[in-house]
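Participant: Counting along the sequence shown from 1, when you hit position 128 you're at 231 in the numbering used here, and nothing is skipped either side. We treat Cβ as the ideally placed atom computed from N, Cα and C, and that holds for glycine. Keep in mind the model is a prediction, meaning the values are calculated, not measured.
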Amino acid sequence: MSRLMPSVELPREWAPIMATWDLPDQDALIAAFHDGAHPARDLIDGGDFADRLRAAVAGPDCSALVRYPDNVSVRAAGLVVGHVFGGDLAPCPPPLDPPLLEMPSREIAGWKKEWHTDGLPWFEPNRWTIIGVTTFNDEYRDAKTDVLPIEHIVDGWPGWEKHKEVFTGHKLNWRRQPTDAGLPPMMKPLLDQGTPRWHMKVFNTVVDEPGEVGEAFAALRDRIDEVDDGWASAVTQPGSMIVIDNRRGVHRAPRVTDPLRRQLLRIKLGGQPYGPDESQPHDTDGS
Ligand SMILES: [Fe+2]
C-alpha cells in the first residue's frame with residue numbers, strides 16, 4: 104500500500120508577488136537562480152515556509168509535495184523551492200544532463216521506471232531532486248511518482264550488514280546510459296561515503312558474478328522486491344511539485360505511454376556533475 108507524501112502549502116500571500124516574476128522559459132529561470140538579488144530569496148527569508156518544507160522532507164518519507172496557487176507558474180514555484188534547498192545550480196557542460204532541465208517525461212531504455220537515485224553519472228550526485236510539470240496532460244492525472252526510503256530497504260535486513268563491504272567498496276560503472284556516451288566510466292560503490300547511487304540495471308551487471316559481489320547484489324535485488332510496497336507517492340501536476348531527498352530515498356517515475364505529452368521541470372541541487380579532472384566538455388562520439 105502506498106501513501107501520499109506529506110504536503111506543504113506555499114503561502115497564498117506570496118502569489119501576487121510571484122505572479123509578477125518574468126520567467127518565460129528555462130533560460131530565464133536559470134538566470135533567476137543565479138541572480139543574487141532576486142526577490143525569491145527575500146520571500147523565503149520572511150516566513151516559515153522554508154522551515155516547514157525542510158521539516159517535511161526530513162520526515163520518514165524523505166519527500167514532500169509542495170502545493171502552490173493556480174496563478175503561480177511552475178517556474179516561479181521551482182525558483183522558491185530551489186532556494187529553500189540552496190539554489191546552487193552547478194555548472195555542467197554536455198553531454199551530462201544539467202541541474203535544471205525542462206524535458207519530456209522520457210524513458211531511456213527502461214531506466215526511469217525502476218527504483219533509482221538521480222545524478223548517477225555525476226561525480227557527486229545531487230542531494231535534492233525537484234520535479235514539476237510544465238505541460239500537463241489529463242491522460243496522466245494518475246501518473247504517480249513513488250519514493251521508497253533506503254532506510255526502509257536496509258533496516259532489519261541482515262543482508263545489508265552481511266554485504267556492507269561490497270556495498271561500500273565494490274565499484275560499479277554508473278555511466279551506462281546513452282546520454283553518458285563519450286564520458287569516461289564513473290566507478291563508484293553503491294554507497295560512497297554516505298551518498299547512495301542506485302539503479303537495478305547497474306546492479307544487474309554484477310548479479311551473476313560468482314562470489315560475494317554477485318551474491319550481495321542478487322540479495323539486494325530480492326530485498327527490493329520484498330519491500331517494494333513501502334513507498335510514498337504523489338502526482339506532479341499544475342499546483343503540485345515533488346521534492347525528494349536523493350540521499351535518503353530511491354524513486355521511480357510513473358508509466359507514461361507518450362512521454363512527449365508530459366513535459367517536466369526538473370531541478371537537481373546540491374551535487375557536482377563533473378569531478379576535478381572533467382571540467383571540460385567531452386566528445387560525445389566516443390573519441
Ligand atoms: Fe529520477
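1) Should residue 237 be listed as close to ligand 1, given that the test is whether its C-beta is under 7 Å from any heavy atom?
2) Is the CB-CB distance between residue 335 and residue 164 below 8 Å?
3) Does the Cβ of residue 246 have 16 or more other Cβ atoms within 10 Å, making it buried, or fewer, making it exposed?
4) Here's the rule: buried if 16 or more other CB atoms are within 10 angstroms of the residue's CB, otherwise exposed. What is residue 208?
5) Determine the DSSP secondary structure at residue 366, reduced to helix, strand or coil.
6) Is it buried or exposed for residue 387, if we count other Cβ within 10 angstroms and need 16 for buried?
7) Excluding five sequence neighbours on each side, which residues of the same chain lie with their C-beta closer than 7 Å to the C-beta of residue 118?
8) Residues around ligand 2, please: the ones whose beta-carbon is closer than 6 Å to some heavy atom of it, in chain order.
9) To which residues of the same chain is residue 373 closer than 7 Å at the C-beta, ignoring the five residues directly before and after it?
10) Within the continuous alpha helix (DSSP H) that includes residue 283, where are the two ends?
11) Expressed to the nearest angstrom, what Euclidean distance is found between the alpha-carbon atoms of residue 269 and residue 278?
12) May I ask you to report which of helix, strand or coil DSSP gives residue 381?
13) Measure how close the beta-carbons of residue 170 and residue 256 come, nearest whole angstrom, since I'm counting them as under 8 Å.
14) For residue 110, write down the residues that DSSP places opposite it in a beta bridge.
15) Note the first and the last residue of the continuous alpha helix (DSSP H) segment covering residue 227.
16) Return the bridge partner residues of residue 324 from the DSSP annotation.
17) Going straight from the alpha carbon of residue 216 to that of residue 249, what length do you get?
18) Would you call the region 261-276 and the region 291-301 touching, i.e. three or more CB-CB distances under 8 Å?
19) Which whole runs of the alpha helix (DSSP H) in the region 244-327 are 4 residues long or more, in chain order?
20) So what's residue 143 in DSSP terms, helix, strand or just coil?
21) For the structure I just gave you, are there three or more beta carbon pairs, one from the region 117-131 and one from the region 307-321, closer than 8 Å?
22) What residue range does the beta strand (DSSP E) around residue 353 cover?
Facilitator: Taking the geometry as given:
1) In the sequence shown, residue 237 corresponds to position 134, counting from 1. The answer is no for residue 237.
2) Working through the sequence shown from its first residue, we reach residue 335 at position 232. Working through the sequence shown from its first residue, we reach residue 164 at position 61. In this structure, residue 164 lies closer than 8 Å to residue 335 by Cβ.
3) Along the sequence shown, one-based indexing puts residue 246 at 143. Classification of residue 246: buried, given that the 10 Å Cβ count is 16 or more.
4) Position 105 of the sequence shown holds residue 208. The residue in question, residue 208, is buried, as its Cβ has 16 or more Cβ neighbours within 10 Å.
5) Taking the sequence shown and counting its residues from 1, one reaches residue 366 at position 263. Here residue 366 sits in strand by DSSP.
6) What you label residue 387 is simply residue 284 of the sequence shown in a count that begins at 1. Confidence in residue 387 is poor, its pLDDT being 43 and thus under 50, which makes the residue's placement unreliable; the coordinate value appears in the next sentence. Its Cβ having fewer than 16 others within 10 Å, residue 387 is exposed.
7) As a working note, residue 118 is residue 15 in the sequence shown. Once the five neighbours on either side are set aside, the close Cβ partners of residue 118 are 172, 174, 175.
8) Here the bound small molecules are ligand 1; ligand 2 is not part of this structure.
9) Your numbering for residue 373 matches position 270 in the sequence shown. For residue 373, where only same-chain residues beyond five positions count, the Cβ hits under 7 Å are 188, 189, 191, 229, 230, 231.
10) As a position in the sequence shown, residue 283 is number 180, starting the count at 1. Per DSSP, residue 283 belongs to no alpha helix (DSSP H) and is neither H nor E.
11) Start at 1 with the first residue of the sequence shown, and residue 269 comes out as number 166. Start at 1 with the first residue of the sequence shown, and residue 278 comes out as number 175. Their backbone Cα atoms lie some 19 Å apart in a straight line.
12) Mapped onto the sequence shown, residue 381 falls at position 278. Taken through DSSP and simplified to helix, strand or coil, residue 381 comes out as helix.
13) Numbered from 1 along the sequence shown, position 67 holds the residue referred to as residue 170. Numbered from 1 along the sequence shown, position 153 holds the residue referred to as residue 256. With a Cβ gap of about 28 Å, residue 170 and residue 256 do not count as contacting.
14) The residue given as residue 110 occupies position 7 in the sequence shown. Beta-bridge pairing links residue 110 to 168.
15) In the sequence shown, the residue the question calls residue 227 occupies position 124. Where residue 227 is concerned, there is no enclosing alpha helix (DSSP H), because DSSP gives it neither an H nor an E.
16) As a position in the sequence shown, residue 324 is number 221, starting the count at 1. Answer is none; residue 324 lacks a bridge partner.
17) The sequence position of residue 216 within the sequence shown is 113, counting from 1. The sequence position of residue 249 within the sequence shown is 146, counting from 1. About 10 Å.
18) yes
19) 253-257, 261-265, 267-272, 303-306
20) The residue given as residue 143 occupies position 40 in the sequence shown. In the structure shown, residue 143 sits in a helix (DSSP, three-state: H, G or I).
21) These segments do not touch.
22) Working through the sequence shown from its first residue, we reach residue 353 at position 250. Its beta strand (DSSP E) spans residues 352-355.
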